[in-house]
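Participant:
Protein chains in written order, with our numbering: chain G, 3 to 569; chain D, 23 to 312.
1) Note down, in chain order, each residue of its chain lying with its Cβ closer than 7 Å to the Cβ of residue 270 of chain G, except the 5 sequence neighbours on either side.
2) According to the Cβ coordinates, are residue 51 of chain D and residue 109 of chain D closer than 8 Å?
3) Considering only their Cβ atoms, is the gap separating residue 65 of chain G from residue 123 of chain G smaller than 8 Å?
4) I'd like to know whether the C-beta atoms of residue 91 of chain G and residue 170 of chain G end up nearer to each other than 8 Å.
5) For residue 470 of chain G and residue 384 of chain G, I'd like the C-alpha separation in whole angstroms.
6) Distance, Cα to Cα, residue 159 of chain D vs residue 65 of chain D?
7) Could you confirm whether any beta carbon from chain D is found closer than 8 Å to the beta carbon of residue 431 of chain G?
8) What would DSSP say about residue 160 of chain G, mapped onto helix, strand or coil?
9) Which residues in chain D sit within 7 Å of residue 416 of chain G, going by Cβ to Cβ distance?
10) In chain G, which residues lie less than 9 Å from residue 92 of chain D when you measure between Cβ atoms?
11) May I have the straight-line CA-CA distance separating residue 248 of chain G from residue 161 of chain G, to the nearest angstrom?
12) Are the stretch 293-302 of chain G and the stretch 84-101 of chain G in contact at 8 Å, needing three or more beta carbon pairs?
13) Quick check: is the beta carbon of residue 449 of chain G nearer than 8 Å to any beta carbon in chain D?
14) If I measure Cβ to Cβ from residue 271 of chain D and keep anything under 8 Å in the same chain, skipping five residues before and after, which residues do I get?
15) Run through DSSP, which three-state label would residue 443 of chain G get?
16) Counting only Cβ pairs nearer than 9 Å, list the residues of chain G close to residue 1 of chain D.
17) With a threshold of 8 Å between beta-carbons, can residue 305 of chain G be considered close to chain D, or not?
18) For residue 252 of chain D, would you say it is in contact with chain G, using Cβ-to-Cβ distances shorter than 8 Å as the test?
19) Shorter than 8 Å from the beta carbon of residue 322 of chain G to some beta carbon of chain D?
20) Determine the direct distance from the alpha carbon of residue 165 of chain G to that of residue 181 of chain G, and round the result to whole angstroms.
21) Within a Cβ cutoff of 6 Å, which residues of the same chain sit near residue 463 of chain G, ignoring the five residues on either side of it in sequence?
22) Taking Cβ positions, are residue 120 of chain D and residue 230 of chain D nearer each other than 8 Å?
23) Taking only beta-carbon atoms, is residue 51 of chain G less than 8 Å away from chain D?
24) Indicate whether at least one CB of chain G lies closer than 8 Å to the CB of residue 76 of chain D.
25) Residues of the stretch 207-227 of chain G in Cβ contact with chain D at a cutoff of 7 Å, in chain order, please.
26) Roughly how many whole angstroms lie between the Cα atoms of residue 544 of chain G and residue 328 of chain G?
27) Please state if the CB of residue 124 of chain D and the CB of residue 226 of chain D are separated by a distance shorter than 8 Å.
28) What does residue 540 of chain G reach in chain D if we use C-beta pairs closer than 9 Å?
29) So is residue 270 of chain D in contact with chain G if we call contact Cβ pairs under 8 Å?
30) Short of 9 Å Cβ to Cβ, which residues in the stretch 216-249 of chain D face chain G?
31) Verify the CB distance criterion: does residue 365 of chain G have a CB-CB separation below 8 Å to chain D?
32) Helix, strand or coil: which one does DSSP assign to residue 568 of chain G?
33) Can you tell me whether residue 42 of chain G is helix, strand or coil according to DSSP?
34) Going by C-alpha distance, which of D:105, D:67, D:83 and D:36 is nearest residue 287 of chain D?
35) Within the same chain, show all residues whose beta-carbon is closer than 7 Å to that of residue 191 of chain D, passing over the 5 residues directly before and after it, in chain order.
36) Comparing C-alpha positions only, which one of D:180, D:145 and D:275 sits nearest to residue 236 of chain D?
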């Protein structure tokens, strides 16, 4: 276990927006024409402060198409809950993650249309030398913060050191542990990050402790974006709500009581001609049933949280709502964690395998609607492709009973903690399904924060993990959940073989060879039945089809910088 | 003579129709709860409990009289099992809250002095606490089992009974036959048991009936708000919560438990009103007679 109380489980359970798929990042999305009848009521087009063609937009902007928009207008996104923070080192919940990823900050690189990292705030791809251990990153010279100051290399170093500062307890720190000196800094043994230096104002040099194919992916993440030291030092803990970034929109107002915040276009954004919108407004604290009504009325434009199973049922049952549905493919999966230290019978592998075989995922899928697909393997369906060797668990009650008998028919009683939808439904179904093999499940429900707290205190027998990839490789999920000492490895799963194979995969630049190694990792985790693997999550949200050039990234959220509305 | 007896019965039925309807309704709900096992397993989640697209079955479809819920469980079986839970809470909490209120009210009225001051100030404190908010807080502390909810509801409602019983017992305390008993050296507890309590019986019965309506409402209300009985245990309140978001596509998920709550509350109100018109609370005309 690491010393970080905020885990990727916390992050990824909530991120929702923080989700990817390599081939999917940035390339999902749709562009629909505005129906005449809804144009008049479209909130997005309500208050354009300026209009007209903003000029040519560079074809090098990474991600989906961005040219041809019309300036002006406002878009309103409504969320279930407030963001946990708008500080890029701390923000991880759905609302906060999207704000720091797509509005306030711009990372060095961003996933392109084909899912590969492309230069964003960097001037070019990094020069990789010293057998993959040294990255020299040229920075753009025209990037400025929202206060007008130019961004220089020291701002990146400051931001990365901040992520590693123990006091800040950033969930993202373990993502950059391969930088030389990072672990020492995170442990409080060093004050500066020895593996990073500024060659000049616009060139960074990074030294890793070992070759790591995931480091480039880390550079696409908002927690690696620059932050202005003078602003952070001025506001301290309140930086989150006085945040100054280098992204396409700047924070104009934050109203905690009114449960909304407004972002306005930053005219100094380095991708000239972008963004098109005058304003983006976030609202939160609204029930999803009400959100759907507001969307239908044209009062809001986007529902930022994915639709929960109940909302999906509602949408599927209503032709009037169906047109608002939007699906984004991504790499995400869900499983049940089992704490072997609290329930001794779970130490027996046959018992854990029996639970997997006794799980009727088709029934779960039917209840979840399209929110998840029945899937009995550790990694998301599309993450390994043809390299996969593990045969996913299916429903086989006879096999499950035989395994329980083989294990000596132990008495298994466990308390299953659930949080928000769809977890209560999952818990109730599994309670019934597992009863068939003599496993007695007691259900308890609490808030996400409360359950996370219980997990950290080792007071839970079983709970749900929902994982959304932010890297297009299984190393992401393994390093967080299944590697020894992973930041979200709350079951303390440990397999020397998994650790060895994963380390080797990190050093393997060839994707096919790397995937072959990762397939072995999945085989090991799956055979161990380290969890009860129940589904592949699908990201389904809702937005007004009248929005022009609407694109959504499985990693970052809505591409606001290239979104426009009809004048 | 049969004709005369029949006429008498008809007249009695007319005169007591409110009470009869209330008793029939409540009796029906109790019977519904008692025969719950006949309707099947309320926890079973058969795969065909939902449509291919994951929708719950509506009323009178696929062999489900009241349809299925969002997990494919039979709504009739769950409503009946929910009746057991809800009525168990209602009856137990009613007995404990009215019982405690009666004890406190009588003790304060009979012993007067510092006992009255202490007990009635405590009563005033409890009367001043907002029901729902304090109910949520108490449930979080005490727990969400049947016993826990009974304790919460008791804590929330005993003071009302205590206040009303106190007023009536105080009047009785000043009556000649009570003072005579005291003057004759009859022990206080005996006076309470033999002279005061019997004279409060119709009031207590009326209180219990009206309190029953409130108890059913608050018990279900706590579950609806997530502070009461937790799923998968069926209880009308948590069934209401599960169905609240489905009104526009599966209205039976909301309407079935709602009907159960409304009918039960209505039955208690009818009984309470009927008794009130004939007892200590009958000085005003019932809204049912308007």
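In this text, a Cβ means the ideal position worked out from N, Cα and C, and glycines have one as well.
Facilitator: According to the structure shown:
1) Residue mapping note: residue 270 of chain G aligns to position 268 of the first chain, counting from 1. Excluding sequence neighbours, residue 270 of chain G sits near 146 and 150.
2) Along the second chain, one-based indexing puts residue 51 of chain D at 29. Along the second chain, one-based indexing puts residue 109 of chain D at 87. Their beta carbons are under 8 Å apart, which means residue 51 of chain D touches residue 109 of chain D by this criterion.
3) Within the first chain, residue 123 of chain G is the residue found at index 121, counting from 1. Within the first chain, residue 65 of chain G is the residue found at index 63, counting from 1. The criterion of a C-beta distance shorter than 8 Å is not satisfied by residue 123 of chain G and residue 65 of chain G.
4) Indexing the first chain from 1 puts residue 91 of chain G at position 89. Indexing the first chain from 1 puts residue 170 of chain G at position 168. Going by C-beta atoms, residue 91 of chain G is nearer than 8 Å to residue 170 of chain G.
5) Taking the first residue of the first chain as position 1, residue 470 of chain G is located at position 468. Taking the first residue of the first chain as position 1, residue 384 of chain G is located at position 382. If you draw a straight line from the Cα of residue 470 of chain G to the Cα of residue 384 of chain G, it comes to about 13 Å.
6) Taking the second chain and counting its residues from 1, the one referred to as residue 159 of chain D is at position 137. Taking the second chain and counting its residues from 1, the one referred to as residue 65 of chain D is at position 43. Their backbone Cα atoms lie some 29 Å apart in a straight line.
7) Along the first chain, one-based indexing puts residue 431 of chain G at 429. Judged by the 8 Å Cβ criterion, residue 431 of chain G is in contact with chain D.
8) The count along the first chain starts at 1 and reaches residue 160 of chain G at position 158. Annotated three-state conformation of residue 160 of chain G is helix, per DSSP.
9) In the first chain, residue 416 of chain G corresponds to position 414, counting from 1. Going along chain D, no residue has its Cβ under 7 Å from residue 416 of chain G, so there is no contact; the nearest lies around 15 Å.
10) Here residue 92 of chain D corresponds to residue number 70 of the second chain, with the count starting at 1. Those are 311, 312, 315, 369 and 427, listed as they occur along chain G.
11) Indexing the first chain from 1 puts residue 248 of chain G at position 246. Indexing the first chain from 1 puts residue 161 of chain G at position 159. Approximately 13 Å between the Cα atoms of the pair.
12) Result no; under three Cβ-Cβ pairs closer than 8 Å.
13) If you number the first chain from 1, residue 449 of chain G lands on position 447. Residue 449 of chain G does not count as touching chain D.
14) In the second chain, counting from the first residue as 1, residue 271 of chain D sits at position 249. Apart from the 5 residues on each side of it in sequence, residue 271 of chain D sits with its Cβ closer than 8 Å to the Cβ of 77 in its chain, given in chain order.
15) Taking the first chain and counting its residues from 1, the one referred to as residue 443 of chain G is at position 441. Residue state, collapsed to three classes: strand.
16) This structure cannot settle anything about residue 1 of chain D, because the visible part of chain D is limited to 23 through 312.
17) As a position in the first chain, residue 305 of chain G is number 303, starting the count at 1. At a cut-off of 8 Å, the C-beta of residue 305 of chain G has no neighbouring C-beta in chain D.
18) Here residue 252 of chain D refers to the residue found at position 230 when the second chain is read from its first residue. Yes, residue 252 of chain D counts as interfacial toward chain G.
19) Here residue 322 of chain G refers to the residue found at position 320 of the first chain. It does not; no Cβ of chain D falls within 8 Å.
20) The residue you call residue 181 of chain G lines up with position 179 of the first chain. The residue you call residue 165 of chain G lines up with position 163 of the first chain. Roughly 12 Å separates the two Cα atoms.
21) In the first chain, the residue the question calls residue 463 of chain G occupies position 461. Cβ neighbours of residue 463 of chain G beyond the five flanking positions: 341, 344, 345, 416 and 417.
22) The residue given as residue 120 of chain D occupies position 98 in the second chain. The residue given as residue 230 of chain D occupies position 208 in the second chain. Yes, the Cβ-Cβ distance between residue 120 of chain D and residue 230 of chain D is below 8 Å.
23) Within the first chain, residue 51 of chain G is the residue found at index 49, counting from 1. Low local confidence applies: a pLDDT of 42 at residue 51 of chain G is under 50, so the model's placement there is unreliable, and no value is given.
24) For the purposes of this step, residue 76 of chain D is taken as residue 54 along the second chain, with counting starting at 1. Contact of residue 76 of chain D with chain G is assigned, a C-beta pair being separated by under 8 Å.
25) Along the stretch 207-227 of chain G, there is no position whose C-beta sits under 7 Å from a C-beta of chain D.
26) If you number the first chain from 1, residue 544 of chain G lands on position 542. If you number the first chain from 1, residue 328 of chain G lands on position 326. Residue 544 of chain G and residue 328 of chain G have their alpha carbons spaced roughly 5 Å apart.
27) In the second chain, residue 226 of chain D corresponds to position 204, counting from 1. In the second chain, residue 124 of chain D corresponds to position 102, counting from 1. With contacts defined by Cβ atoms closer than 8 Å, residue 226 of chain D and residue 124 of chain D form a contacting pair.
28) Indexing the first chain from 1 puts residue 540 of chain G at position 538. Those do not exist, as residue 540 of chain G stays about 13 Å from chain D at its closest Cβ, beyond 9 Å.
29) Position 248 of the second chain, counted from the first residue, corresponds to residue 270 of chain D. With a threshold of 8 Å between beta carbons, residue 270 of chain D makes contact with chain G.
30) Result list: 248.
31) Walking along the first chain from the start, residue 365 of chain G turns up at place 363. The beta carbon of residue 365 of chain G falls within 8 Å of a beta carbon belonging to chain D, placing the residue at that interface.
32) Looking up residue 568 of chain G in the first chain gives position 566. Residue 568 of chain G falls in the coil class under three-state DSSP.
33) The sequence position of residue 42 of chain G within the first chain is 40, counting from 1. At residue 42 of chain G the pLDDT is 33, less than 50, meaning the model places this residue with poor confidence and gives no usable figure here.
34) In the second chain, the residue the question calls residue 287 of chain D occupies position 265. If we check each option's Cα against that of residue 287 of chain D, D:105 comes out closest.
35) Residue 191 of chain D sits at position 169 when you count from the first residue of the second chain. Only 127, 128, 131, 132, 218 and 222 meet the Cβ criterion.
36) The residue labelled residue 236 of chain D in the question sits at position 214 within the second chain. Ranked by Cα distance from residue 236 of chain D, the options D:180, D:145 and D:275 are led by D:180.
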